[in-house]
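Engineer: Following this message is one structure expressed as structure tokens.
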Amino acid sequence: MRVSEIRLQNWKNFKEASASLSRRVFIIGPNASGKSNFLDAFRFLRDVAGDGLHQAVTSRGGVTSVRCLAARRSPNIVVGVTLSDGDGREVWHYELEFNQ
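Our numbering numbers the first residue of the sequence shown as 2 and each following residue consecutively.
What follows is the structure in structure tokens.
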């Protein structure tokens with residue numbers, strides 16, 4: 002199984018973003034465009050699974066540090082992934098939504 006899609010809402014500098022992922026992914030862009038924040042979404046899910054939601058959020062400076070500054074109307078933060086099998090069939094979808 003592999004992560005075949007990621008969905009972010011109000012995550013750091015991403016007000017709303019989703020990306021389909023193939024077997025090999027290259028993340029390129031200018032400085033301060035969100036490359037590290039994109040990768041941190043994966044680390045965040047790993048940390049939630051290992052240490053729990055509270056610790057994963059706290060280690061990143063709290064909800065106010067994780068939430069997108071442009072998030073005015075929808076304060077919830079969403080990090081979601083879809084897992085697919087070797088044939089590309091979607092097998093599992095996990096979505097975590099939280100706020101203060």
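We treat Cβ as the ideally placed atom computed from N, Cα and C, and that holds for glycine.
State the DSSP-derived secondary structure class of Gly51, mapped to helix, strand or coil.
Structural biologist: Helix, per DSSP.
Engineer: By Cβ distance below 6 Å, which residues in the same chain neighbour Arg8 in space, the five residues on each side in sequence not counted?
Structural biologist: Ser19 and Gly81
Engineer: From the DSSP output, in three-state form, read off Val92 for me.
Structural biologist: strand
Engineer: Any idea what DSSP makes of Ser23, helix, strand or coil?
Structural biologist: It is coil, neither helix nor strand.
Engineer: Kindly indicate which three-state DSSP category Ala105 falls into: helix, strand or coil?
Structural biologist: Because the chain here runs from 2 to 101, residue 105 falls outside it and cannot be looked at.
Engineer: To which residues of the same chain is Val49 closer than 8 Å at the C-beta, ignoring the five residues directly before and after it?
Structural biologist: Within the same chain, Val49 has close Cβ partners Ala57 and Leu97.
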